[in-house]
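Presented below is the structure to which this report refers.
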Amino acid sequence: MFNKHLDYLPLVTIVTPSLNQGRFIKDTIESVLEQNYSKIEYIIIDGGSTDNTISILREYDDRIKWISEKDKGQTEAINKGWRMGKGQILAWLNSDDIYLPGAITHAVDYLNSNQNVIMVYGEGWHIKENGEIIDRYPSEPFNLMRLAETCYICQPTVFFRKELLDKIGYLNEDLNYCMDYDFWIRTAKKYSIGYTNKYLAKSRLYAETKTLGHQVEVCKEVMDTMHNHFGSVALPWIHSYCIALIGKNCQSNTIGELRYILFFAYLFLINYLKYNKKLTRSVFSYCSNMIRKYFASLWNRGGNFHVFF
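In the numbering used here, the protein residues as written are 4 to 312.
As C-alpha cells, this is what we get:
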C-alpha cells in the first residue's frame, strides 16, 4: 500500500488512445477509476470512433477528460494526451488493456521509495479477447543489453516521472509499432529503470492487435529501430522476422522440410548481413545448429513430418 503518512501525493495522469474499441473500453475505464489511489487524472484521446465508444465515454463525463477527433494514429494520440496532462507521474493504458487493482498505488509507492529511478515497470498477464488469462507476460529484471534482444517490458505496467519527457522527448511519431520499445531504450541509455515483481496489468492479445495482425511490419520496424540505437540487430529479432515472412509450416514431407530449413537459414543470413554488415562465427554456429537439430529430429522421428520451430 502507498504510505498514507506522506503529505505529498503526486498527481498521476493516465492516457488512453482509442479508436473503435467500444467492446473493450468500458472495462479499461473501470480498471482506472476503481484504483485505490486518490489523485488520478484520466484522459482518453479518441481518434473519431464510429462504434459505440462515444456513448460509453459520455457515461463518464464527470469522471474523465476525453476528446474525439481524427488524428494520425496511436502514437500521436498518446503524445497529445501527455501534453494535456498535469500529472507528475505519467502512463498510458491502451483501450483494450486493463489495470489490476492497486497498480497505480504500487507504482507511485515504488517511485517515491526509489528517487534514483525515473521509470518503473512490473509484471503483467497476456489475456484473450474475452479476458481469459493466456499466460504471464515474459518480463525480466532490467538489463539494457538484454533489452536489445527482446522487449521484456510489459507496456501497460509502465509508469514514469513527467520530467522524463523534458529530458528525452515524447514518443517517436514516425513509429507505428514499437514506439514504446524505442522509448524504453532512449530512457535506459540515460536513466535508471526500476522493476517490480508485482502484477500491475493485463495486456490483451488477439488477432486484430498490431502484435499479431502485422507481424512482418512489427519485426521490420523493430529491427530498424534496434539498428538505429545499437548499430546492429540481435539474432532473436532476425529469427522472428524470418518466421513472420515465411511462416512456421512447410510441405509435409522430408524434401519439403529440408527446403524450408535451408531457405530459412539463407533468409536469416541475408538479413543478418544486411543489418550487421559481417557474418560472425556465432551466426554460422546458430544456422548450423539449427540444421543439425533438424536432422537429429528427423532421425529420431523416423522421417515423420513435424513443424520444426
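Just so you know, even glycine gets a beta-carbon here, dropped at the ideal spot from N, CA and C. Here the structure is a predicted model, which means the values were calculated and not measured.
Whose CA, out of the options, lies closest to the CA of residue i?
i	options	result
residue 191	208, 163 and 177	163
residue 126	155, 231, 76 and 119	155
residue 180	172, 223 and 173	223
residue 133	27, 277 and 292	27
residue 151	74, 238, 120 and 128	238
residue 197	122, 187, 243 and 226	122
residue 281	120, 242 and 235	235
residue 128	72, 36, 12 and 201	201
residue 75	178, 277 and 187	178
residue 232	138, 279, 166 and 169	279
residue 220	208, 103, 242 and 247	247
residue 243	209, 218, 170 and 174	218
residue 1	161, 271, 92 and 262	What is shown of the chain runs 4 to 312, which leaves residue 1 out entirely.
Where does residue i fall in DSSP's three states?
i	result
residue 309	Its pLDDT being 47, under 50, residue 309 is placed unreliably in this model, and the value from its coordinates should be taken loosely. In the structure shown, residue 309 sits in coil (DSSP, three-state: anything other than H, G, I, E or B).
residue 163	strand
residue 221	helix
residue 199	strand
residue 33	helix
residue 265	helix
residue 155	coil
residue 126	strand
residue 66	coil
residue 135	coil
residue 7	Any reading at residue 7 must be qualified, since the residue scores a pLDDT of 46, below 50, and its modelled position is unreliable; the value itself is stated next. Three-state result, residue 7: coil.
residue 169	helix
residue 44	strand
residue 110	helix
residue 22	coil
residue 237	coil
residue 293	helix
residue 102	strand
residue 3	The structure shown has nothing for residue 3, since the chain only spans 4 to 312.
residue 73	coil
residue 177	coil
residue 49	strand
residue 147	helix
Buried or exposed for residue i, please, with buried defined as at least 16 other CB atoms from any protein chain shown within 10 angstroms of its CB.
i	result
residue 66	exposed
residue 273	exposed
residue 185	buried
residue 118	exposed
residue 84	buried
residue 260	buried
residue 309	Confidence at residue 309 is low in this model, with a pLDDT of 47, below 50, so the placement of that residue should be treated as unreliable; the coordinate-derived value is given next. With fewer than 16 other Cβ atoms within 10 Å, it is exposed.
residue 52	buried
residue 299	exposed
residue 264	buried
residue 99	buried
residue 266	exposed
residue 124	buried
Is the beta carbon of residue j closer than 8 Å to that of residue i?
i	j	result
residue 20	residue 80	yes
residue 87	residue 57	no
residue 33	residue 90	no
residue 16	residue 101	no
residue 275	residue 286	yes
residue 106	residue 22	no
residue 206	residue 130	yes
residue 182	residue 78	yes
residue 176	residue 97	no
residue 25	residue 54	yes
residue 195	residue 120	yes
residue 95	residue 35	no
Using a threshold of 7 Å, is the CB atom of residue i nearer than that to any non-hydrogen atom of the ligand COA?
i	result
residue 50	Absence of the ligand COA from the depicted structure is noted, as is the absence of any ligand whatsoever, leaving it without description.
Give a yes or no on contact between the stretch 32-48 and the stretch 102-121, applying the rule of three or more CB pairs nearer than 8 Å. Put simply, the stretch 32-48 touches the stretch 102-121. At least three CB pairs are less than 8 Å apart.
Evaluate contact between the stretch 182-198 and the stretch 142-154, counting only Cβ atoms and requiring at least three cross-stretch pairs below 8 Å. Yes, the stretch 182-198 touches the stretch 142-154.
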